[in-house]
Amino acid sequence: MNKALLRTIFLLFGSLFYLGCQGGVFNANNVGTVNGIIEKSGELTQDEVWDGRIYITSSVIVPADITLTIRSGTIVGFEPKNVPSEIIVHGELYAEGAPDRMIVFGSLGEPETIPDAETEEASKTNINIQTSSPRSFQRPTASLPKAGDWKGITIETGSPNSRLTYCRIQHATNAILCKTDTIQIERCLFSENNIGVLCENTNPTISSNEFNRNGSGAQFRGSSAPEVEYNEFAANRYGIVCEDDSRPRIHHNNIRSNYEYAIICYSTSSPEIVSNNITLNNGWAVYDGGRLRDNYISGNKQVGPNVPELSIGTQSDQFYSVEEVFEPRSTPVSDAGLPRDKF
3 MNKALLRTIF
13 LLFGSLFYLG
23 CQGGVFNANN
33 VGTVNGIIEK
43 SGELTQDEVW
53 DGRIYITSSV
63 IVPADITLTI
73 RSGTIVGFEP
83 KNVPSEIIVH
93 GELYAEGAPD
103 RMIVFGSLGE
113 PETIPDAETE
123 EASKTNINIQ
133 TSSPRSFQRP
143 TASLPKAGDW
153 KGITIETGSP
163 NSRLTYCRIQ
173 HATNAILCKT
183 DTIQIERCLF
193 SENNIGVLCE
203 NTNPTISSNE
213 FNRNGSGAQF
223 RGSSAPEVEY
233 NEFAANRYGI
243 VCEDDSRPRI
253 HHNNIRSNYE
263 YAIICYSTSS
273 PEIVSNNITL
283 NNGWAVYDGG
293 RLRDNYISGN
303 KQVGPNVPEL
313 SIGTQSDQFY
323 SVEEVFEPRS
333 TPVSDAGLPR
343 DKF
(Lines of atoms letter the chains of each structure in order from A and count residues from 1; the text may use other names and numbers.)
(Lines give C-alpha, C1' and ligand atoms only; values in the text may rest on other atoms or scores of the structure.)
Protein backbone atom coordinates (compact mmCIF):
# COMPACT_ATOMS: atom_id res chain seq x y z
CA MET A 1 0.00 0.00 0.00
CA ASN A 2 1.63 3.29 -1.06
CA LYS A 3 2.24 6.05 1.44
CA ALA A 4 -0.31 8.49 0.03
CA LEU A 5 -3.14 5.95 0.09
CA LEU A 6 -2.19 4.80 3.58
CA ARG A 7 -2.23 8.38 4.83
CA THR A 8 -5.60 9.02 3.18
CA ILE A 9 -7.21 5.95 4.75
CA PHE A 10 -5.60 6.82 8.06
CA LEU A 11 -7.08 10.31 7.96
CA LEU A 12 -10.52 9.00 7.10
CA PHE A 13 -10.63 6.45 9.90
CA GLY A 14 -8.70 8.61 12.35
CA SER A 15 -10.97 11.60 11.95
CA LEU A 16 -14.11 9.49 12.02
CA PHE A 17 -13.37 7.37 15.06
CA TYR A 18 -11.06 9.52 17.17
CA LEU A 19 -12.44 12.99 16.54
CA GLY A 20 -16.09 12.48 15.76
CA CYS A 21 -16.86 9.70 18.21
CA GLN A 22 -15.47 11.65 21.16
CA GLY A 23 -18.57 13.62 21.93
CA GLY A 24 -20.53 12.92 18.74
CA VAL A 25 -19.81 16.29 17.18
CA PHE A 26 -20.54 15.26 13.61
CA ASN A 27 -22.68 12.81 11.70
CA ALA A 28 -20.79 9.98 10.01
CA ASN A 29 -23.30 10.04 7.16
CA ASN A 30 -21.95 13.46 6.16
CA VAL A 31 -18.27 12.49 6.01
CA GLY A 32 -18.11 12.32 2.23
CA THR A 33 -15.51 10.57 0.08
CA VAL A 34 -11.79 10.06 0.40
CA ASN A 35 -11.29 12.44 -2.53
CA GLY A 36 -12.66 15.28 -0.36
CA ILE A 37 -9.65 15.25 2.00
CA ILE A 38 -7.43 18.32 1.60
CA GLU A 39 -3.79 18.50 2.75
CA LYS A 40 -2.47 21.82 4.05
CA SER A 41 0.96 23.07 5.09
CA GLY A 42 3.19 26.11 4.93
CA GLU A 43 2.31 29.78 4.47
CA LEU A 44 -0.96 30.77 2.84
CA THR A 45 -0.59 33.07 -0.15
CA GLN A 46 -4.19 34.24 -0.44
CA ASP A 47 -7.45 34.23 1.51
CA GLU A 48 -8.70 30.69 1.99
CA VAL A 49 -11.93 28.97 3.03
CA TRP A 50 -11.62 25.51 4.56
CA ASP A 51 -14.54 23.10 4.43
CA GLY A 52 -14.88 19.35 4.93
CA ARG A 53 -11.82 17.39 6.13
CA ILE A 54 -8.45 19.14 6.34
CA TYR A 55 -5.23 17.21 6.95
CA ILE A 56 -2.39 19.34 8.39
CA THR A 57 0.92 17.81 7.28
CA SER A 58 3.12 20.55 8.81
CA SER A 59 2.56 23.95 10.41
CA VAL A 60 0.23 26.39 8.65
CA ILE A 61 0.95 30.14 8.77
CA VAL A 62 -1.71 32.78 8.07
CA PRO A 63 0.37 35.87 7.21
CA ALA A 64 -0.64 39.50 7.72
CA ASP A 65 -3.40 40.71 5.37
CA ILE A 66 -4.59 37.12 4.76
CA THR A 67 -7.86 35.72 6.13
CA LEU A 68 -8.52 32.05 6.85
CA THR A 69 -12.19 31.13 7.20
CA ILE A 70 -13.19 27.68 8.46
CA ARG A 71 -16.79 26.64 7.88
CA SER A 72 -19.03 24.81 10.31
CA GLY A 73 -18.69 21.03 10.36
CA THR A 74 -15.06 21.09 9.21
CA ILE A 75 -12.62 18.59 10.76
CA VAL A 76 -8.99 19.71 10.99
CA GLY A 77 -6.72 16.75 11.80
CA PHE A 78 -3.07 16.80 12.86
CA GLU A 79 -0.71 13.83 12.65
CA PRO A 80 1.64 13.65 15.66
CA LYS A 81 5.27 14.33 14.76
CA ASN A 82 8.57 14.94 16.54
CA VAL A 83 8.01 18.66 15.90
CA PRO A 84 4.28 19.19 16.53
CA SER A 85 2.32 21.09 13.90
CA GLU A 86 0.38 24.28 14.63
CA ILE A 87 -1.64 27.08 13.09
CA ILE A 88 -0.01 30.51 13.46
CA VAL A 89 -2.20 33.52 12.71
CA HIS A 90 -0.71 36.93 11.88
CA GLY A 91 -3.72 37.85 9.75
CA GLU A 92 -7.30 36.89 10.60
CA LEU A 93 -8.93 33.59 11.54
CA TYR A 94 -12.68 33.04 11.55
CA ALA A 95 -13.61 29.56 12.73
CA GLU A 96 -17.33 29.82 13.33
CA GLY A 97 -19.21 26.58 13.74
CA ALA A 98 -22.79 25.86 14.74
CA PRO A 99 -24.31 24.01 17.73
CA ASP A 100 -25.02 20.91 15.62
CA ARG A 101 -21.97 21.28 13.33
CA MET A 102 -19.00 22.21 15.48
CA ILE A 103 -15.58 22.70 13.94
CA VAL A 104 -13.17 20.07 15.27
CA PHE A 105 -9.40 20.51 15.71
CA GLY A 106 -7.55 17.46 17.00
CA SER A 107 -4.94 14.75 16.70
CA LEU A 108 -5.36 11.71 14.48
CA GLY A 109 -3.26 9.56 16.80
CA GLU A 110 -0.06 7.69 16.04
CA PRO A 111 -0.25 5.50 12.91
CA GLU A 112 0.79 1.88 13.18
CA THR A 113 0.01 -1.42 11.48
CA ILE A 114 -1.39 -4.61 12.87
CA PRO A 115 -1.70 -8.04 11.25
CA ASP A 116 -4.96 -8.84 9.55
CA ALA A 117 -7.20 -11.17 11.54
CA GLU A 118 -6.92 -13.78 8.78
CA THR A 119 -3.13 -13.72 9.02
CA GLU A 120 -3.25 -14.06 12.80
CA GLU A 121 -5.58 -17.04 12.57
CA ALA A 122 -3.38 -18.64 9.94
CA SER A 123 -0.32 -18.29 12.14
CA LYS A 124 -2.12 -20.04 14.97
CA THR A 125 -3.02 -23.03 12.77
CA ASN A 126 0.30 -23.15 10.84
CA ILE A 127 -1.47 -22.51 7.52
CA ASN A 128 0.74 -20.90 4.89
CA ILE A 129 -1.13 -18.12 3.04
CA GLN A 130 0.47 -17.18 -0.28
CA THR A 131 0.44 -13.44 -0.91
CA SER A 132 1.96 -11.23 -3.56
CA SER A 133 3.37 -8.92 -0.90
CA PRO A 134 4.36 -9.39 2.75
CA ARG A 135 2.25 -6.29 3.54
CA SER A 136 -0.91 -7.51 1.83
CA PHE A 137 -2.52 -8.37 5.12
CA GLN A 138 -1.51 -5.19 6.90
CA ARG A 139 -4.04 -2.41 7.59
CA PRO A 140 -3.67 0.99 9.25
CA THR A 141 -4.88 1.74 12.72
CA ALA A 142 -4.10 4.48 15.24
CA SER A 143 -3.18 4.72 18.91
CA LEU A 144 -5.32 7.01 20.99
CA PRO A 145 -4.71 10.75 20.59
CA LYS A 146 -3.29 12.58 23.60
CA ALA A 147 -2.51 16.07 24.87
CA GLY A 148 0.49 17.59 23.13
CA ASP A 149 0.12 15.68 19.84
CA TRP A 150 -0.04 19.06 18.07
CA LYS A 151 1.05 22.49 19.25
CA GLY A 152 -2.19 24.50 18.96
CA ILE A 153 -3.52 27.72 17.44
CA THR A 154 -1.46 30.87 18.08
CA ILE A 155 -3.03 34.27 17.48
CA GLU A 156 -0.05 36.60 17.13
CA THR A 157 0.31 40.18 18.36
CA GLY A 158 -0.34 41.80 14.97
CA SER A 159 -3.55 39.93 14.20
CA PRO A 160 -6.24 42.61 13.67
CA ASN A 161 -9.21 40.35 14.45
CA SER A 162 -10.02 36.67 14.97
CA ARG A 163 -13.04 34.76 16.21
CA LEU A 164 -13.60 31.16 17.28
CA THR A 165 -17.08 29.97 18.16
CA TYR A 166 -18.59 26.49 18.39
CA CYS A 167 -15.19 24.83 18.00
CA ARG A 168 -14.00 21.67 19.70
CA ILE A 169 -10.25 21.85 20.26
CA GLN A 170 -8.42 18.85 21.70
CA HIS A 171 -5.07 17.09 22.07
CA ALA A 172 -2.96 20.28 21.79
CA THR A 173 -0.15 21.67 23.92
CA ASN A 174 -1.87 25.08 24.09
CA ALA A 175 -5.23 24.83 22.33
CA ILE A 176 -5.33 28.61 21.84
CA LEU A 177 -2.38 30.88 22.64
CA CYS A 178 -3.55 34.51 22.72
CA LYS A 179 -0.97 37.22 22.09
CA THR A 180 -3.50 39.91 21.18
CA ASP A 181 -6.68 41.36 22.66
CA THR A 182 -8.49 41.21 19.33
CA ILE A 183 -9.74 37.65 19.58
CA GLN A 184 -13.16 36.39 20.62
CA ILE A 185 -13.43 32.90 22.10
CA GLU A 186 -17.04 31.89 22.66
CA ARG A 187 -19.07 28.69 22.94
CA CYS A 188 -16.06 26.42 22.38
CA LEU A 189 -15.19 23.09 23.99
CA PHE A 190 -11.60 22.53 25.17
CA SER A 191 -10.78 18.94 26.08
CA GLU A 192 -7.64 16.86 26.64
CA ASN A 193 -5.15 19.69 26.07
CA ASN A 194 -2.19 20.58 28.27
CA ILE A 195 -3.67 24.10 28.46
CA GLY A 196 -7.04 25.12 27.05
CA VAL A 197 -6.55 28.89 26.63
CA LEU A 198 -3.21 30.57 27.40
CA CYS A 199 -3.00 34.39 27.46
CA GLU A 200 0.32 36.23 27.39
CA ASN A 201 0.03 39.96 28.26
CA THR A 202 -3.42 40.15 26.66
CA ASN A 203 -7.00 40.97 27.64
CA PRO A 204 -9.43 39.00 25.46
CA THR A 205 -12.95 37.98 26.44
CA ILE A 206 -13.36 34.27 27.13
CA SER A 207 -17.08 33.62 27.37
CA SER A 208 -19.51 30.69 27.48
CA ASN A 209 -16.96 27.93 26.89
CA GLU A 210 -16.52 24.50 28.42
CA PHE A 211 -13.13 23.31 29.69
CA ASN A 212 -12.79 19.68 30.74
CA ARG A 213 -10.01 17.11 31.11
CA ASN A 214 -7.21 19.59 30.41
CA GLY A 215 -4.03 20.07 32.42
CA SER A 216 -5.16 23.66 33.04
CA GLY A 217 -8.45 24.97 31.73
CA ALA A 218 -7.12 28.52 31.33
CA GLN A 219 -3.76 30.06 32.19
CA PHE A 220 -2.77 33.76 32.34
CA ARG A 221 0.79 35.10 32.20
CA GLY A 222 2.51 38.45 32.29
CA SER A 223 0.13 41.37 32.66
CA SER A 224 -2.89 39.55 31.23
CA ALA A 225 -6.26 40.83 32.41
CA PRO A 226 -8.89 38.95 30.39
CA GLU A 227 -12.61 38.80 31.08
CA VAL A 228 -13.48 35.20 32.00
CA GLU A 229 -17.25 34.84 32.19
CA TYR A 230 -20.03 32.23 32.07
CA ASN A 231 -17.71 29.27 31.50
CA GLU A 232 -17.65 25.71 32.85
CA PHE A 233 -14.35 24.40 34.25
CA ALA A 234 -14.70 20.74 35.27
CA ALA A 235 -12.45 17.67 35.60
CA ASN A 236 -9.24 19.53 34.71
CA ARG A 237 -6.11 19.17 36.82
CA TYR A 238 -6.35 22.91 37.61
CA GLY A 239 -9.35 25.03 36.68
CA ILE A 240 -7.59 28.41 36.29
CA VAL A 241 -3.91 29.29 36.76
CA CYS A 242 -2.83 32.93 37.28
CA GLU A 243 0.88 33.74 36.98
CA ASP A 244 3.21 36.76 37.13
CA ASP A 245 1.23 40.00 37.49
CA SER A 246 -1.93 38.79 35.74
CA ARG A 247 -5.24 40.26 36.91
CA PRO A 248 -8.11 38.47 35.19
CA ARG A 249 -11.71 39.22 36.10
CA ILE A 250 -13.28 35.82 36.76
CA HIS A 251 -17.04 36.04 37.15
CA HIS A 252 -20.19 33.93 36.75
CA ASN A 253 -18.34 30.66 36.12
CA ASN A 254 -18.90 27.15 37.45
CA ILE A 255 -15.52 25.80 38.60
CA ARG A 256 -16.12 22.31 39.92
CA SER A 257 -14.71 18.83 40.38
CA ASN A 258 -11.18 19.69 39.27
CA TYR A 259 -8.52 17.25 40.46
CA GLU A 260 -6.42 19.83 42.26
CA TYR A 261 -7.11 23.56 42.80
CA ALA A 262 -9.99 25.47 41.24
CA ILE A 263 -7.99 28.74 41.04
CA ILE A 264 -4.29 28.95 41.85
CA CYS A 265 -2.23 32.15 41.95
CA TYR A 266 1.53 32.58 41.58
CA SER A 267 3.86 35.53 42.10
CA THR A 268 1.94 38.85 42.32
CA SER A 269 -1.10 37.77 40.31
CA SER A 270 -4.35 39.11 41.75
CA PRO A 271 -7.54 37.91 40.06
CA GLU A 272 -10.91 39.48 40.80
CA ILE A 273 -13.19 36.54 41.59
CA VAL A 274 -16.87 37.52 41.59
CA SER A 275 -20.17 35.60 41.61
CA ASN A 276 -18.82 32.13 40.80
CA ASN A 277 -19.83 28.68 42.00
CA ILE A 278 -16.62 26.98 43.15
CA THR A 279 -17.56 23.50 44.30
CA LEU A 280 -16.27 19.98 44.94
CA ASN A 281 -12.68 20.56 43.84
CA ASN A 282 -10.18 18.13 45.38
CA GLY A 283 -7.83 20.96 46.35
CA TRP A 284 -8.30 24.56 47.47
CA ALA A 285 -11.09 26.63 45.95
CA VAL A 286 -8.65 29.57 45.68
CA TYR A 287 -4.98 29.37 46.58
CA ASP A 288 -2.54 32.15 47.44
CA GLY A 289 -4.12 35.29 46.01
CA GLY A 290 -7.20 36.96 44.66
CA ARG A 291 -10.08 39.13 45.85
CA LEU A 292 -13.33 37.24 46.44
CA ARG A 293 -16.85 38.68 46.39
CA ASP A 294 -20.29 37.06 46.19
CA ASN A 295 -18.98 33.52 45.51
CA TYR A 296 -20.63 30.23 46.45
CA ILE A 297 -17.78 28.06 47.74
CA SER A 298 -18.79 24.59 48.87
CA GLY A 299 -17.39 21.08 49.27
CA ASN A 300 -13.79 21.86 48.30
CA LYS A 301 -10.80 20.13 49.83
CA GLN A 302 -13.10 17.25 50.81
CA VAL A 303 -14.90 19.17 53.55
CA GLY A 304 -18.25 17.74 52.47
CA PRO A 305 -20.54 18.28 49.46
CA ASN A 306 -23.07 20.52 51.22
CA VAL A 307 -20.78 22.67 53.34
CA PRO A 308 -20.70 26.30 52.08
CA GLU A 309 -17.73 28.42 53.11
CA LEU A 310 -18.98 31.56 54.87
CA SER A 311 -15.71 32.80 56.33
CA ILE A 312 -14.67 36.38 55.56
CA GLY A 313 -11.09 35.83 56.70
CA THR A 314 -8.20 35.49 54.28
CA GLN A 315 -7.80 31.80 55.09
CA SER A 316 -10.37 29.09 55.74
CA ASP A 317 -10.99 25.38 55.36
CA GLN A 318 -11.63 25.84 51.64
CA PHE A 319 -9.40 28.72 50.47
CA TYR A 320 -5.85 29.67 51.39
CA SER A 321 -4.12 33.04 51.75
CA VAL A 322 -6.40 35.20 49.61
CA GLU A 323 -6.29 39.00 49.71
CA GLU A 324 -9.84 39.76 50.81
CA VAL A 325 -13.30 38.21 51.01
CA PHE A 326 -16.67 39.96 50.80
CA GLU A 327 -20.25 38.72 50.88
CA PRO A 328 -19.81 34.92 50.79
CA ARG A 329 -22.92 33.11 49.60
CA SER A 330 -24.85 30.31 51.28
CA THR A 331 -26.67 29.37 48.03
CA PRO A 332 -25.39 28.90 44.46
CA VAL A 333 -25.24 31.70 41.90
CA SER A 334 -28.20 30.86 39.66
CA ASP A 335 -26.91 32.41 36.44
CA ALA A 336 -23.30 31.24 36.66
CA GLY A 337 -21.84 28.83 34.16
CA LEU A 338 -22.50 27.98 30.56
CA PRO A 339 -26.04 28.80 29.45
CA ARG A 340 -27.65 25.51 28.49
CA ASP A 341 -28.79 26.76 25.09
CA LYS A 342 -25.21 27.37 23.96
CA PHE A 343 -24.48 23.71 23.00
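Heads up: the sequence shown begins at 3 in the working numbering, then just goes up one per residue.
Quick reminder that beta carbons are idealized off the backbone N, C-alpha and C, glycines included.
Scanning the region 137-180 for uninterrupted beta strand (DSSP E) segments of 3 residues or longer gives 140-144, 152-157, 163-167, 169-172 and 174-180, listed from N- to C-terminal end. The DSSP-derived three-state label of K42 is strand.
Distance from the CA of T76 to the CA of L166, rounded to the nearest whole angstrom, comes to 13 Å.
The Cβ neighbour count for E329, taken over all protein chains shown within 10 Å, is under 16; the residue is labelled exposed. Secondary structure at N302: helix, using DSSP grouped into helix, strand and coil. P162 and I187 do not touch by the CB rule: their CB atoms are close to 16 Å apart, not below 8 Å.
For V85, the three-state secondary structure derived from DSSP is coil. N196 and G315 have their alpha carbons spaced roughly 33 Å apart. In this chain, R189 is not harboured by any beta strand (DSSP E), its DSSP state being neither H nor E. For V243, the closest alpha carbon among the candidates Y289, D319, D337 and E229 is that of Y289.
Contact check for N255 against E231 passes: the beta carbons are separated by less than 9 Å. Taking all protein chains shown into account, G285 has 16 or more neighbouring C-beta atoms within 10 Å of its C-beta and is therefore buried. The alpha helix (DSSP H) runs lying completely inside the region 193-243 and spanning 4 residues or more number zero.
Between E194 and R223 the beta-carbon gap is near 22 Å, outside 8 Å, which marks them as no contact. With a threshold of 16 other beta carbon atoms within 10 Å, P101 falls short and is exposed. Judged by DSSP secondary structure, N284 falls outside any beta strand (DSSP E); it is assigned neither H nor E. DSSP links P310 through a beta bridge to S300. The three-state secondary structure of T69, taken from DSSP, is strand. Contact between G154 and L179 holds, since their C-beta atoms are separated by about 6 Å, short of 8 Å. In this structure S210 touches L340 by the C-beta definition: roughly 6 Å separates them, less than 8 Å. By a beta-carbon distance limit of 8 Å, P147 contacts G108. Their separation comes to about 6 Å. Around the beta carbon of N308, fewer than 16 other beta carbons lie within 10 angstroms, which makes this residue exposed. From the listed residues I58, I63, N238 and D247, the smallest Cα separation to E262 is found for N238.
Cβ neighbours of I58 within its own chain (closer than 6 Å, five residues either side excluded): K42, F80 and S87.
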